[in-house]
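Undergrad:
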Amino acid sequence: MKNQTLYTLAELDKQHILHPSTSPAFNRNNGPTIVFERGEGLHIFDMDNNKYIDGVSMLWNVNVGHGNKELAQVSFDQMQKLAYSSMFYGYSNEPAVKLAEKITSMTPGDLDSVFYTSGGSESNDTAFKLARFYWERKGLANKKKIISLKRGYHGVTVAAQRATGIEVYRAFSGSGDPDIINAEPHLTSCELGDINHPSYQNSIRGTIEREGANHVAAVIIEPIQGAGGVHVPPEDYLQAVRKLCDEQNILLIADEVICGFGRTGRSFGVNHWDIVPDLMSVAKGITSGYAQLGAVVMRTPIMDAICEVPDMLAHGFTYSGHPTACAVGLKNLEIIERENLIDQADQMGKLLLKGFDYLSDKYHFFQNGRGRGLLTGFDLIKDPEQNITFTPEEAAAMSIVEECKKRGLLIRGFDFEPGMNIVAIAPPLISQQEDIETIISIVDESLSTYSKRLG
Ligand code: PLP
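The opening residue of the sequence shown carries number 1487 in the working numbering; numbering runs sequentially from there.
#1: Mark R1568 as exposed unless 16 or more other C-beta atoms lie within 10 angstroms of its C-beta, in which case mark it buried.
#2: Can you tell me which of S1937, K1631, E1608, L1779 puts its alpha carbon nearest to the alpha carbon of V1642?
#3: Counting pairs of Cβ atoms below 8 Å between the stretch 1817-1837 and the stretch 1631-1651, do you hit three or more?
#4: Taking only three categories from DSSP, how would you classify N1700?
#5: To test your reading of the DSSP string, which unbroken beta strand (DSSP E) runs of 3 or more residues are found completely within the stretch 1543-1620?
#6: For S1927, count neighbouring Cβ atoms within 10 angstroms of its own Cβ and tell me buried if that reaches 16, exposed if not.
#7: Measuring only from the beta carbon, is Y1936 closer than 7 Å to any heavy atom that is part of ligand 1?
#8: Within its chain, find whatever has a CB closer than 6 Å to the CB of P1719; leave out the 5 residues flanking it on each side and keep chain order.
#9: Between the stretch 1828-1844 and the stretch 1745-1760, can you find at least three pairs of beta-carbon atoms closer than 8 Å?
#10: Exposed or buried, what is R1656 when buried is set at 16 or more other beta-carbons lying within 10 Å of its beta-carbon?
#11: Can you determine whether any heavy atom of ligand 1 sits closer than 7 Å to the C-beta of A1769, and answer yes or no?
#12: Is the Cβ-Cβ distance between G1780 and T1593 less than 8 Å?
#13: Count the other C-beta atoms from every protein chain shown that fall within 10 angstroms of the C-beta of L1738, then say buried if there are 16 or more, exposed otherwise.
#14: For ligand 1, any of its heavy atoms closer than 7 Å to the Cβ of S1774?
#15: Hey, how far is the Cα of T1919 from the Cα of V1762?
#16: Is N1668 near ligand 1, with its Cβ less than 7 Å from a heavy atom?
#17: M1766 bridges to which residues according to DSSP?
#18: Figure out for me which residue from Y1620, E1880, L1635, F1562 has the closest Cα to the Cα of D1764.
#19: Does the beta-carbon distance from G1517 to A1496 come in below 8 Å?
#20: What is the DSSP secondary structure of Q1853, counted as helix, strand or coil?
#21: So T1804 packs on I1539, CB below 8 Å; how close in whole Å?
#22: Classify S1599: buried if its beta carbon has 16 or more other beta carbons within 10 angstroms, exposed otherwise.
Have a look at this one:
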């Protein structure tokens, strides 16, 4: 019966659904790769009752794990009371207000005001607009350009897509905003002023110099780059960029869509480097994926400048401040705090990195284990001494992902640049020691199988 239902669903999916970040041709010919049915804690089950460890929290967002009854209950209760009301025309609702208070009690410095969105891309587009609007209010309307980093992922709406520094996304469908420019990531010395560095021209500082600071509104950075392959910046990098933005009168936007709300073992990614951005984009972990919600949090001077405006703010989404999504967000943040999940992510992340040390001693091609909290990754390099990468046919990252899947672990591989083979592991923050050990042992078996295949 189940299989018949699954067969029917797969056929209907092939006919009727265009999947995001999936090969359309593959899906039309083969149907969905997995049809999920239910989730429970760290685990997610397909319609054949196969059980998988959700090793990347789906899209790095299911932070409290699957099947959380408290979140289901709060959603049920809020839907019965007031499922939806709008925030346009000054309307408000209790969950939206309480959640704003909660978020701003967690964010550093005077990041004290919130604009609600429905997700990460909308948050980044909103942050760009608010940054530009702020400069308009300050009489500097020419400050329009946004500088982002290569390998950064900021979403797929037209502006966020251009900020994204992954070519396949940036180039998709040819839409372009010439005011959004990619710079080379993580060049600390350049950002501190090393003009003799060979890549200086393409650093953030070099880009500001070329474009003119009077044309640049903001720099956007993920504290730890996620979908670009889990890249932790070098020590002092974020401080150097903060200082540069201050010197040049440019706003700094932290894209905390993945890092925010505990994923990295701190409330926010920027907490690792003790900086306060001017605007912060959040989404994903704010509700652990149980409802669609995002927000832009802004510092007091920005909110103050915007609040001088008597006219309507010509920006807003139908689902800005959605009561049910906000009630879920509030309960989710309460759970994260009550269960000490941020500290747990920190501890479990250290354990994962220890596991990576073990794997790198065992497999010569396992390189650069890295991460903070439960946002981790590693490279697969065929011959690290000679810097020889795996060929596309050897498909190292995707083979490991497949081997792990066969053994009941879902993780992610990245190979969007020639020679790139990165694997990301980011399980829910509720992971315990034995879960981390299981993950490492499945990755170990998968690497061993791949190693034998290579001969
Ligand atoms: N910013 C970052 C850092 C992300 O990782 C993502 C999604 O993965 C986004 C923005 C876009 O968020 P959404 O898919 O909710 O629009």
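Cβ atoms here follow ideal geometry from the backbone N, Cα and C, with glycine treated the same way.
TA: The relevant details are as follows:
#1: With the sequence shown as reference, residue 1568 is identified as Leu, and Arg is not the correct amino acid for it. With fewer than 16 other Cβ atoms within 10 Å, it is exposed.
#2: Closest by alpha carbon: E1608.
#3: Contact fails: fewer than three Cβ-Cβ distances are below 8 Å.
#4: Reduced to three states, the DSSP call for N1700 is helix.
#5: Entirely contained in the stretch 1543-1620, the beta strand (DSSP E) runs reaching 3 residues are, in chain order, 1597-1603.
#6: Note on S1927: under 16 other CB atoms within 10 angstroms of its CB, so exposed under the neighbour-count rule.
#7: Set against 7 Å, the gap from the CB of Y1936 to the closest heavy atom of ligand 1 is not smaller.
#8: Hits under 6 Å: H1672.
#9: Result yes; three or more Cβ-Cβ pairs closer than 8 Å.
#10: By the neighbour-count rule (16 or more Cβ atoms within 10 Å), R1656 is buried.
#11: Answer for A1769: yes, Cβ within range of ligand 1.
#12: Contact check for G1780 against T1593 fails: the beta carbons are separated by 8 Å or more.
#13: Classification for L1738: buried.
#14: Checking every heavy atom of ligand 1 against the Cβ of S1774, none is found closer than 7 Å.
#15: Looking at the sequence shown, residue 1919 is not Thr but Gln. Their Cα atoms are separated by approximately 33 Å.
#16: Flag unset: Cβ of N1668 not near ligand 1.
#17: A1740, V1783, per the DSSP bridge assignment.
#18: Its Cα nearest to that of D1764, the residue Y1620 stands out among Y1620, E1880, L1635, F1562.
#19: Taking a C-beta distance under 8 Å as the contact criterion, G1517 and A1496 qualify as a contact pair.
#20: Here Q1853 sits in strand by DSSP.
#21: Between T1804 and I1539 the beta-carbon gap is near 36 Å, outside 8 Å, which marks them as no contact.
#22: Burial call: buried.
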